[in-house]
Amino acid sequence: MLNKIQEILEDLLDVELNEIQPETYLIRDLEAESIDLLELAIILNSNFSIKVNEDLIFLKRIREHISALDSTSEVQKIYQHLSCERIEEIKSELNNGPTLKVKDIISYLEWIG
Amino acid sequence: MSQVKLNKVLILGGTCELAIETANHLSEYELFLTYRDETKRKAAESIILQKVNWIYCDFSDKVELPIVDSVIDFAHSELDGLLASLDDEKASSYWLSMVATRQQMLKQITRKMIPLRSGRLIFISSTAAALPNSGQGIYAASKRAIESLYQSIGIELGKKNITTVSLRLGYLNSGRGEQFIKNQDNLIKRIPARKWVELSDVAKTLVFLLSPASAMINATTITMDGGLTATK
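Residue numbers (this note's numbering), protein chains in the order written: chain G, 29 to 141; chain S, 109 to 340.
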């Protein structure tokens with residue numbers, strides 16, 4: 029799965045393949061813009077014959093959900109593709125900027141697939 | 109990611125005189141025309157010189173639209189009346205179909221354009237959007253709203269080589285416009301160019317606006333009225 033995502037992102041964002049690792053931030057490191065994420069969703073829909081939920085896969089509202097919900101387990105009920113450990117990690121770095129990582133995309137695709 | 113050129117044009121509102129004239133200037137493209145009246149479709153089919161693909165679309169239900177790399181949007185209904193007297197239900201229904209449904213159609217169309225990395229969308233607007241006459245309130249407001257949708261698409265998707273432009277037309281010597289200007293002897297004196305806008309003027313301009321030469325005209329509105337709205 030990582031290889032497939034690397035190839036898609038390499039082409040989409042015009043970055044070197046070795047720059048795309050599971051821990052790479054899509055927005056902070058690869059400078060993906062919202063229109064790039066929209067295109068990524070369209071490509072994933074086509075390549076994997078799925079219909080991704082763009083809010084979920086790109087964690088668009090996770091900041092809002094973390095703020096509104098008391099426990100990590102409640103947040104995890106919404107983001108079922110993420111582990112509680114990953115949500116804790118996201119919580120700890122909310123102030124550092126957009127938290128979406130390549131591994132989150134992979135987790136979503138494995139979860140939905 | 110490489111750009112894909114299909115040379116396929118979707119013409120929304122494909123049975124109006126302007127659409128027919130434009131279709132007859134686009135022989136090098138594969139054309140998809142929408143219609144909502146079978147009689148008008150048949151009449152249009154007999155005038156259009158090339159074979160085209162027809163799609164039923166009345167702006168009320170969701171319709172599956174083809175993958176194209178260009179759109180010319182003529183579709184617009186009339187709803188005349190003073191804003192203070194318009195029927196609530198008719199006005200709501202008009203707004204829903206003209207603006208909200210159109211936004212959903214544009215969403216569908218542009219999502220199919222994104223993987224192509226190529227798209228050109230042209231909205232046919234009216235000088236009424238800038239200077240409505242009395243009774244044109246909701247028509248003018250919807251034109252402005254749609255211009256705004258097109259402008260935002262050009263801003264949001266420009267990076268993916270998808271661009272937009274709205275073309276505001278002045279007094280047109282065709283259709284409803286022709287009926288109106290027939291009885292307005294002094295009106296032409298208000299137009300600096302002293303001419304009405306002709307169908308072929310519009311069609312030739314649209315050919316240019318579809319061409320690569322116009323690619324940097326994006327997210328904006330062009331007025332084609334012989335100077336009418338530039339004067340007091």
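The beta-carbon is built from N, C-alpha and C at its ideal position, and this holds for glycine as well.
Beta-carbon gap between residue i and residue j smaller than 7 Å
i: G227 (chain S); j: D177 (chain S); result: yes
i: G362 (chain S); j: K303 (chain S); result: The requested residue 362 (chain S) does not occur in the structure, where chain S is confined to residues 109 to 340.
i: R219 (chain S); j: I133 (chain G); result: no
i: K251 (chain S); j: A238 (chain S); result: no
i: A199 (chain S); j: I263 (chain S); result: no
i: E38 (chain G); j: L45 (chain G); result: yes
i: V43 (chain G); j: L58 (chain G); result: yes
i: S80 (chain S); j: F231 (chain S); result: For chain S, the structure presents residues 109 to 340; residue 80 (chain S) sits outside this window and is missing.
i: G121 (chain S); j: A183 (chain S); result: yes
i: Y137 (chain S); j: N161 (chain S); result: no
i: Q111 (chain S); j: L173 (chain S); result: no
i: H148 (chain G); j: W139 (chain G); result: As displayed, chain G neither begins before 29 nor continues past 141, which places residue 148 (chain G) out of reach and without an answer.
i: L229 (chain S); j: V310 (chain S); result: no
Rounded straight-line distance, which links the Cα of residue j to that of residue i
i: E255 (chain S); j: M324 (chain S); result: 17 Å
i: Q158 (chain S); j: L307 (chain S); result: 18 Å
i: Y164 (chain S); j: S101 (chain G); result: 49 Å
i: A249 (chain S); j: E67 (chain G); result: 32 Å
i: T123 (chain S); j: L141 (chain S); result: 8 Å
i: L280 (chain S); j: V305 (chain S); result: 5 Å
i: S111 (chain G); j: L41 (chain G); result: 27 Å
i: S201 (chain S); j: L187 (chain S); result: 11 Å
i: K88 (chain G); j: S205 (chain S); result: 30 Å
i: S135 (chain G); j: N73 (chain G); result: 15 Å
i: I33 (chain G); j: Y53 (chain G); result: 13 Å
i: Q104 (chain G); j: P240 (chain S); result: 53 Å
i: R210 (chain S); j: F76 (chain G); result: 29 Å
i: S193 (chain S); j: V130 (chain G); result: 56 Å
i: E47 (chain G); j: V117 (chain S); result: 39 Å
i: A253 (chain S); j: I330 (chain S); result: 16 Å
Residue span of the alpha helix (DSSP H) that contains residue i, given as start and end
i: G262 (chain S); result: G245 to L265
i: M221 (chain S); result: T209 to M221
i: S111 (chain G); result: Neither: S111 (chain G) is in no alpha helix (DSSP H) and is coded neither H nor E.
i: K71 (chain G); result: Per the sequence presented here, residue 71 (chain G) reads as Ile, with Lys not at that position. Residues S62 to F76.
i: Y143 (chain S); result: Run containing Y143 (chain S): none in the alpha helix (DSSP H); it sits in the beta strand (DSSP E), E138 to Y143.
i: R91 (chain G); result: I90 to A96
i: L229 (chain S); result: Per DSSP, L229 (chain S) belongs to no alpha helix (DSSP H); it is in the beta strand (DSSP E), G227 to S234.
i: I55 (chain G); result: Premise fails: I55 (chain G) is in no alpha helix (DSSP H) and is neither H nor E.
i: I85 (chain G); result: E82 to I85
i: T100 (chain G); result: T100 to I106
Span of the beta strand (DSSP E) around residue i
i: W162 (chain S); result: N161 to Y164
i: K32 (chain G); result: Here K32 (chain G) belongs to no beta strand (DSSP E); instead the alpha helix (DSSP H) covers L30 to L41.
i: V130 (chain G); result: Unbroken run through V130 (chain G) is the alpha helix (DSSP H), V130 to I140; no beta strand (DSSP E).
i: V117 (chain S); result: K116 to L120
i: D181 (chain S); result: S178 to D181
i: R276 (chain S); result: I270 to L277
i: I296 (chain S); result: Note, I296 (chain S): premise wrong, no beta strand (DSSP E); not H, not E.
i: I128 (chain S); result: Note, I128 (chain S): premise wrong, no beta strand (DSSP E); alpha helix (DSSP H) at E125 to A131.
i: I330 (chain S); result: T328 to M332
Residues near residue i in its chain [Cβ-Cβ closer than 7 Å; skip 5 each side]
i: I128 (chain S); result: A152, I155 and I156
i: E121 (chain G); result: T127
i: Q49 (chain G); result: V130
Neighbourhood of residue i by C-beta, 6 Å cutoff - its chain only, sequence neighbours within 5 removed
i: T235 (chain S); result: R276, G278, D333 and T337
i: L65 (chain G); result: F86
i: I118 (chain G); result: T127
i: F167 (chain S); result: S205 and T209
Proximal residues to residue i (C-beta, below 8 Å), its chain only, five neighbours per side dropped
i: Q212 (chain S); result: K170
i: Q244 (chain S); result: D188 and A236
i: L295 (chain S); result: Y279 and I289
i: I246 (chain S); result: L187, G189, L191, L194, A199, Y202 and W203
i: S222 (chain S); result: Before going on, a small fix: residue 222 (chain S) reads as Ile here, not Ser. Counting only Cβ-Cβ distances below 8 Å, and skipping sequence neighbours, we find L265, K268 and I270.
contact_flag[the region 120–136 of chain S, the region 308–320 of chain S] where n(CB pairs < 8 Å) is 3 or more: yes
The region 113–132 of chain G in contact with the region 267–279 of chain S per 3-pair CB rule at 8 Å: no
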